[in-house]
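Numbering (my numbering), first residue to last: 2 to 494. See structure below.
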Amino acid sequence: MDWNKISIVGSGLGGLLTAFLLSKEGMDVTVLEKHRKFGGCLQSFQRDRYSFDTGMHYIGSMAPGQPLHNYWKYFGLSDRLDLLKMDENGFDRISYYGTEYPLAQGYDNFKERLLPYFPDEASALNTYTQKLNEIANSHPLYNLELPAGSYSNHYESVLAGSFLSDLSSGIRHPASSIRLADVLAGNNFLYAGNPATTPLSQFGLINHSFISSAWRVKGGSQQIAELLVEGIRCHGGTVLAKKMVAKIERSEEGYIVTTADGDQFESGQVISDIHPEATLKLLHGFTIQKAFRERITSLPNTTSVFSIYLGLKPETFPFLNHNVYHHRSSNVWTDAQFLFMTPPGKEQGIFANTAVIMSPMDFAEVKEWENSDSGAREKNYFVFKAKKAKLLLDAVYKRFPQLKEAVVTIEISTPLTWRDYTGTPEGSMYGIVKDATNPLKTTLFPKTKIPGLYFTGQSVNLHGALGVTIGSVMTCGEILGLPHVLKAIKQLS
Ligand SMILES: Cc1cc2nc3c(=O)[nH]c(=O)nc-3n(C[C@H](O)[C@H](O)[C@H](O)COP(=O)(O)OP(=O)(O)OC[C@H]3O[C@@H](n4cnc5c(N)ncnc54)[C@H](O)[C@@H]3O)c2cc1C
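Printed below as a string of structure tokens:
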């Protein structure tokens with residue numbers, strides 16, 4: 002079997018980036034996607050005249066010379082995506098008890114904008130921004146550099162929650178009794194933060210990337226998937242929709258990947274962009290070490306999400322060029338109530354066309370319907386969904402009173418939607434939880450113990466646009482050699 006021939010399971014960002022890179026470097030790739038649309042979390046969907054993004058609402062470090070821009074140049078994205086820079090003076094606003102604290106772009110600006118709320122915390126703000134820079138500098142792949150030895154990093158075993166509690170003097174904002182540390186952790190839904198597990202490396206890289214610069218894709222993140230598919234096909238690769246992989250088996254010289262419709266794809270190597278636990282279920286006839294299987298199946302996954310997508314009446318609700326992370330209380334890690342966004346259209350004016358609301362949600366709430374299929378769920382599921390949506394919308398309308406009159410259409414998704422849509426266990430948003438108290442166990446590398454089988458996607462390295470991009474480069478590095486891959490990317494960045 003030709004070792005250059007590679008089957009890739011899933012067309013999420015990780016699957017498409019690895020396919021793009023490998024095909025550009027001369028490999029023969031075939032991407033198999035179970036849905037009719039490519040992109041996984043990059044997908045946008047249409048309801049009436051409205052279009053909504055599902056799982057990629059804003060991205061960081063896309064200014065020329067910054068990490069994601071440098072990587073995505075190679076992938077043909079940096080110069081072709083239609084981006085809107087978010088509000089420089091507060092791309093994220095952390096909202097508690099009627100006060101909004103801005104997280105601004107640019108390090109000096111970041112400090113300047115928060116200082117009026119915490120005038121005695123100048124030193125803590127300096128330490129904070131310095132630490133983010135240290136973390137970013139200590140991560141070679143974040144800077145497109147070759148790691149000297151292993152990928153492991155000191156900050157993986159430090160808890161972000163402990164760093165933040167030590168940082169702030171405990172002074173509270175007089176109006177809201179919020180501490181600086183609560184504000185700095187206020188967008189933790191972005192990385193499913195948990196003070197008992199979230200590593201400082203993950204916290205630091207994500208925040209560093211967004212403070213460097215924050216952007217939205219005008220007209221939707223589906224464009225990222227479309228451009229990547231176009232590129233893969235241009236390089237001679239194959240990208241197939243409605244091909245759900247049902248089985249991965251060993252052939253004499255390589256692999257046979259069988260899809261649910263009975264088609265078979267032979268290849269020398271296989272890359273899986275789906276959740277590692279789902280990957281293990283597809284493997285037939287392999288000897289997999291019990292310890293490895295147990296590790297993968299026992300690792301906890303990040304929370305799921307309840308989302309409400311609103312179509313709005315024209316010219317009734319203002320377009321907000323920032324996200325609002327609203328909290329019920331100062332218990333910032335556990336009491337996030339919702340994230341509110343108004344995504345930009347292609348021709349964005351001063352009014353919003355749509356709004357998206359997301360709130361963390363546990364799978365347990367929908368467990369009684371876990372055996373139902375999407376499109377054929379029981380009636381009481383819809384009653385449950387509508388009730389939950391009403392409660393959440395009431396809270397959102399309190400924060401944004403003009404919104405209620407502006408709403409024309411309402412669309413809702415739950416953890417069941419996410420589970421069926423991306424195949425992650427219990428609809429987990431970001432895959433396996435990275436745990437600073439046990440980084441070795443919870444960090445997954447692309448190379449598996451089975452020769453020729455690799456992981457990619459958000460459970461490798463980190464989730465999100467930049468995390469998955471770096472993870473894809475690590476996966477391709479296992480196949481082509483990391484020095485070669487980085488050299489090729491740097492030549493174009
Ligand atoms: C609600 C939400 C909001 C988010 N917002 C942001 C954001 O604003 N910014 C950001 O940077 N990141 C965000 N993220 C994270 C980011 O979207 C993900 O980390 C990233 O897109 C995941 O890519 P992936 O390649 O790992 O997999 P996925 O996107 O999960 O793709 C996996 C693909 O595999 C397919 N598949 C599954 N099983 C099979 C099978 N058996 N056969 C064939 N195909 C299969 C699925 O259909 C899917 O297309 C968000 C995530 C969520 C869930």
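Beta carbons are placed, not taken as given, at the ideal position from N, Cα and C, and that holds for glycine.
_Can you tell me whether VAL274 sits near ligand 1, meaning its C-beta is under 7 Å from at least one heavy atom of the ligand?_
Checking the sequence shown, residue 274 turns out to be Asp, not Val. It does: the Cβ of ASP274 is within 7 Å (strictly closer) of some heavy atom of ligand 1.
*Beta-ladder partner(s) of GLN47, from DSSP*: SER52
*Confirm the yes/no value for this check: CB of VAL10, any heavy atom of ligand 1, distance under 7 Å.*
yes
*Alpha-carbon spacing of ARG251 relative to GLU278, whole angstroms*: 19 Å
*Buried or exposed: THR425, going by 16 or more other Cβ atoms within 10 Å of its Cβ?*
buried
*Pick helix, strand or coil for GLY61, following the three-state DSSP scheme.*
strand
*Pull up the distance between the alpha-carbon of ASP167 and that of ILE207, whole angstroms please.*
20 Å
*According to DSSP, is THR449 helix, strand or coil?*
coil
*Which class does ASP29 belong to by DSSP, given the choice of helix, strand or coil?*
strand
*By DSSP, does THR130 sit in helix, in strand, or in coil?*
helix
*Close Cβ partners of LEU483 (< 7 Å) along its chain, the five nearest in sequence each way excluded*: LEU147
*Roughly how many angstroms lie between the CA atoms of LYS389 and ILE272, to the nearest whole one?*
38 Å
_Tell me which residues share the same chain as TYR192 and place their Cβ nearer than 8 Å to its Cβ, disregarding the 5 neighbours each side in the sequence._
THR199, GLN203, PHE204, ILE207, TYR431, HIS464 and GLY465
_Unbroken alpha helix (DSSP H) run spanning MET475, endpoints_ = 465–481
*If you draw a straight line from the alpha carbon of ASP183 to that of HIS327, how long is it in whole angstroms?*
12 Å
*For the 8 Å Cβ check, are there 3 or more pairs between the region 340–360 and the region 310–329?*
yes
*Return the chain-ordered list of same chain residues with a C-beta closer than 6 Å to the C-beta of TYR108, the five sequence neighbours on each side being excluded.*
THR130
*Could you round the C-beta distance between GLY15 and VAL469 to whole angstroms and report it? I think they count as a contact, below 8 Å.*
5 Å
*asked:* Could you compute how far the alpha carbon of ASN332 sits from the alpha carbon of TYR72?
replied: 36 Å
_Buried or exposed for LEU18, going by 16 or more other Cβ atoms inside 10 Å?_
buried
*Under a three-way DSSP split, which group does GLY16 fall into?*
helix
*asked:* Is MET475 close to ligand 1? I mean its beta-carbon at under 7 Å from any heavy atom of the ligand.
replied: no
*Please confirm whether any heavy atom of ligand 1 lies closer than 7 Å to the CB of TRP1.*
The question about residue 1 has no answer here: the residues shown for the chain are numbered 2 through 494.
*asked:* I want to check one thing, is the minimum distance from the CB of ILE73 to the heavy atoms of ligand 1 below 7 Å?
replied: It should be noted that the sequence gives Trp, not Ile, for residue 73. No.
_ligand 1 and GLU34: does any heavy atom of the ligand fall closer than 7 Å to the residue's C-beta?_
yes
_Please report the straight-line C-alpha distance between LYS6 and SER153, rounded to a whole angstrom._
30 Å
*Can we count GLY162 as close to ligand 1, meaning its CB is less than 7 Å from some heavy atom?*
no
*State yes or no: is the C-beta of TYR431 nearer than 7 Å to some heavy atom of ligand 1?*
yes
*Any idea which residues DSSP pairs GLU101 with across the strands?*
SER96
*Assigned secondary structure, TRP419 (DSSP; H/G/I helix, E/B strand, else coil)*: helix
_Proximal residues to LEU85 (C-beta, below 6 Å), its chain only, five neighbours per side dropped_ = ARG217, LYS219 and PRO345
*GLN67: beta carbon under 7 Å from a heavy atom of ligand 1?*
no
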